[in-house]
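Residue numbers (the UniProt record's numbering): 1 to 173. All C-beta atoms, glycine included, are put in the ideal place defined by N, C-alpha and C.
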Amino acid sequence: MSGRADFIGYEYKDITVNQEQESLFVDGYTNFGWDLDSIAKPIKPLASLKIKFKRDRKIRNKAELTRLQRQFDACIDEMEQLERSKKTMAQILAYGIALIGTICMAGSVFAVTSGLITLSVIFAVPGFIGWIIPYFCYKKLYQKKSAEVAILMNQKEDELYEVSKKANSLLPK
């Protein structure tokens with residue numbers, strides 16, 4: 001009987017992540033005592049991955065590790081929200097300008113069908129401008145927001161590093 005290993009009861013965790021975040025989660029979760037069990041690769045390209053982890057049920061400092069893991073997950077969620085926020089305002093403004101351009105173009109069409117050529121031209125000019133300008137507005141706002149978000153993303157990455165470092169120090173060596 002001395003040749004057998006001691007029994008270890010495991011707890012399991014499955015997470016679904018984007019392919020770009022695979023290494024972030026695999027590296028991060030090992031700092032919380034999780035061992036990589038398997039990664040289910042998606043059939044479709046760019047689909048989400050399912051990563052399976054396991055860890056010893058009787059790991060020391062489990063409550064603190066779980067708290068730090070929640071903090072890690074919250075930090076990742078905030079980073080995803082920051083990434084999405086780069087597009088949101090730029091899209092809203094671009095769609096709004098395009099809608100105004102479309103309304104002007106519709107006014108131009110109604111004016112030309114009524115025989116009011118001058119009024120049609122007056123509406124057509126802002127209509128075309130309203131269809132061209134949104135692209136440039138989107139690009140400019142996206143770049144501006146990306147610069148702002150880059151600073152916040154660096155802060156969140158530092159926070160992830162600190163949480164992971166703190167959790168790793170709690171693990172038995």
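With a threshold of 8 Å between beta carbons, is residue i in contact with chain B?
| i | result |
| --- | --- |
| residue 160 | Absent from the structure is chain B; it holds one protein chain and no more. |
Based on DSSP bridge pairs, tell me the residues matched to residue i.
| i | result |
| --- | --- |
| residue 16 | 50 |
| residue 55 | 11 |
| residue 38 | 52 |
Would DSSP call residue i helix, strand or coil?
| i | result |
| --- | --- |
| residue 8 | coil |
| residue 116 | coil |
| residue 152 | helix |
| residue 103 | helix |
| residue 65 | helix |
| residue 33 | coil |
| residue 1 | Because the pLDDT of residue 1 is 46, which lies under 50, any placement of that residue in the model is unreliable, and the number read from its coordinates should be weighed accordingly. The answer is coil: DSSP assigns residue 1 none of H, G, I, E or B. |
| residue 172 | coil |
| residue 84 | helix |
Nearest-angstrom Cα distance between residue i and residue j?
| i | j | result |
| --- | --- | --- |
| residue 157 | residue 70 | 15 Å |
| residue 10 | residue 161 | 26 Å |
| residue 22 | residue 80 | 14 Å |
| residue 85 | residue 145 | 8 Å |
| residue 64 | residue 53 | 18 Å |
On the CB-based measure, 16 or more other CB atoms within 10 Å of its CB, does residue i come out buried or exposed?
| i | result |
| --- | --- |
| residue 138 | buried |
| residue 152 | exposed |
| residue 121 | exposed |
| residue 41 | exposed |
| residue 57 | exposed |
| residue 182 | Residue 182 falls outside the range modelled here, since the chain spans only 1 to 173, and no answer is possible. |
**Asked** Can we say the stretch 124 to 135 touches the stretch 96 to 106, given the rule of at least three CB pairs closer than 8 Å?
**Response** yes
**Prompt:** Does the pairing of the stretch 69 to 88 with the stretch 107 to 119 give three or more beta-carbon distances under 8 Å?
**Reply:** no
**Asked** Is there contact between the stretch 12 to 31 and the stretch 45 to 54, where contact requires at least three CB pairs shorter than 8 Å?
**Response** yes
**Asked** Should the stretch 59 to 70 be called in touch with the stretch 133 to 147, which here means at least 3 C-beta pairs below 8 Å?
**Response** no
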